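Heads up, the thing below is written out as structure tokens.
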Amino acid sequence: MKVDVAENLRRIRDELPADVRLVAVSKYHPNAYLMDAYDAGQRIFGESHVQELSQKAASLPKDIQWHFIGHLQTNKVKYIAPYISMIEAVDSIKLLKEINRQAEKCERVIDVLLELHIAEEETKYGFTPEACQQLLADDEWRHLSHIRICGLMMMASNVNDEEQIRQEMLTAYHLFNELKTAYFSKTDAFCERSWGMSHDYPIALKCGSTLVRVGTAIFGERVY
Ligand SMILES: *Cc1c(COP(=O)(O)O)cnc(C)c1O
Numbered sequence: 001m002k003v004d005v006a007e008n009l010r011r012i013r014d015e016l017p018a019d020v021r022l023v024a025v026s027k028y029h030p031n032a033y034l035m036d037a038y039d040a041g042q043r044i045f046g047e048s049h050v051q052e053l054s055q056k057a058a059s060l061p062k063d064i065q066w067h068f069i070g071h072l073q074t075n076k077v078k079y080i081a082p083y084i085s086m087i088e089a090v091d092s093i094k095l096l097k098e099i100n101r102q103a104e105k106c107e108r109v110i111d112v113l114l115e116l117h118i119a120e121e122e123t124k125y126g127f128t129p130e131a132c133q134q135l136l137a138d139d140e141w142r143h144l145s146h147i148r149i150c151g152l153m154m155m156a157s158n159v160n161d162e163e164q165i166r167q168e169m170l171t172a173y174h175l176f177n178e179l180k181t182a183y184f185s186k187t188d189a190f191c192e193r194s195w196g197m198s199h200d201y202p203i204a205l206k207c208g209s210t211l212v213r214v215g216t217a218i219f220g221e222r223v224y
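Under the UniProt record's numbering, the residue at position 138 of the sequence shown is numbered 138, and the numbers go up by one with no gaps.
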């Protein structure tokens with residue numbers, strides 16, 4: 001049966017408070033699916049592979065705001081720097097500096113989120129809360145004038161235990177508040193908390209999320 005993208009979007013949007021934005025995670029899905037979402041009013045799309053994103057961005061409408069949500073290799077930043085709307089998963093100072101360098105070449109400022117590693121899985125990228133605090137305590141990031149740190153991103157553990165998911169998201173939420181007070185109290189742009197995917201966005205909405213990244217619940221199962 002064909003996936004009713006517009007209907008799925010409508011249902012999910014109905015659940016979102018006005019101050020939460022939806023990132024439609026379209027990785028591995030064909031352009032036709034993205035256009036169904038676009039025609040239903042969706043403008044923020046999330047992709048996690050540079051080559052796939054490049055092809056989609058070249059052929060789809062120019063008012064789409066692309067969020068890069070996957071692990072980004074430093075040598076690939078240059079391909080997306082000209083147009084990317086937000087890089088959500090910054091997981092090292094090295095990557096942050098390379099984004100800054102490429103953004104400067106493009107004469108723009110790129111919005112980024114710092115990715116936290118809170119989940120139990122070892123394979124996930126991201127800063128531990130301590131490493132994230134250390135990054136901000138070191139002054140290096142302040143000299144990067146072509147990036148703007150807009151908040152935090154995380155993926156909760158892929159488990160059925162809702163209480164565990166909730167605890168992980170609350171850990172991220174509390175860290176956000178600490179960092180906001182310590183480093184960004186005068187920076188309105190530091191306002192995004194990106195957590196919640198298809199299976200756990202209802203929990204994320206209760207844990208301070210401002211950006212939910214939903215793929216499967218909109219587009220159906222991905223075909224790899
Ligand atoms: C794929 C992906 C999502 C969306 O996952 P679904 O379970 O399909 O909603 C969200 N965030 C990240 C970082 C992803 O890689």
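Cβ atoms here follow ideal geometry from the backbone N, Cα and C, with glycine treated the same way. Keep in mind the model is a prediction, meaning the values are calculated, not measured.
Any chance the CB of residue i is under 7 Å from a heavy atom of ligand 1?
i: residue 97; result: no
i: residue 199; result: yes
i: residue 70; result: yes
i: residue 10; result: no
i: residue 13; result: no
i: residue 213; result: yes
i: residue 25; result: yes
i: residue 35; result: no
i: residue 157; result: no
i: residue 145; result: no
With 16 as the cutoff for other CB atoms within 10 Å, does residue i come out buried or exposed?
i: residue 204; result: buried
i: residue 210; result: buried
i: residue 168; result: buried
i: residue 215; result: buried
i: residue 56; result: buried
i: residue 111; result: buried
i: residue 243; result: Within the shown structure, residues of the chain are numbered from 1 to 224, placing residue 243 beyond reach of any answer.
i: residue 223; result: exposed
Along the chain, where does the alpha helix (DSSP H) that runs through residue i open and close?
i: residue 72; result: Neither: residue 72 is in no alpha helix (DSSP H) and is coded neither H nor E.
i: residue 35; result: 31 to 39
i: residue 21; result: Where residue 21 is concerned, there is no enclosing alpha helix (DSSP H), although the beta strand (DSSP E) it sits in stretches over 21 to 25.
i: residue 98; result: 93 to 105
i: residue 147; result: Run containing residue 147: none in the alpha helix (DSSP H); it sits in the beta strand (DSSP E), 147 to 154.
So, helix, strand or coil for residue i, using DSSP?
i: residue 169; result: helix
i: residue 118; result: coil
i: residue 59; result: helix
i: residue 219; result: helix
i: residue 3; result: coil
Could you pull the start and end residues of the beta strand (DSSP E) that residue i belongs to?
i: residue 47; result: 44 to 47
i: residue 211; result: 211 to 214
Using only CA atoms, which one of the options lies nearest to residue i?
i: residue 195; options: 151, 109, 224; result: 151
i: residue 213; options: 136, 187, 45, 114; result: 45
i: residue 72; options: 49, 157, 224, 134; result: 49
i: residue 40; options: 54, 201, 29, 7; result: 7
i: residue 30; options: 119, 20, 5, 14; result: 5
i: residue 17; options: 218, 206, 221; result: 206
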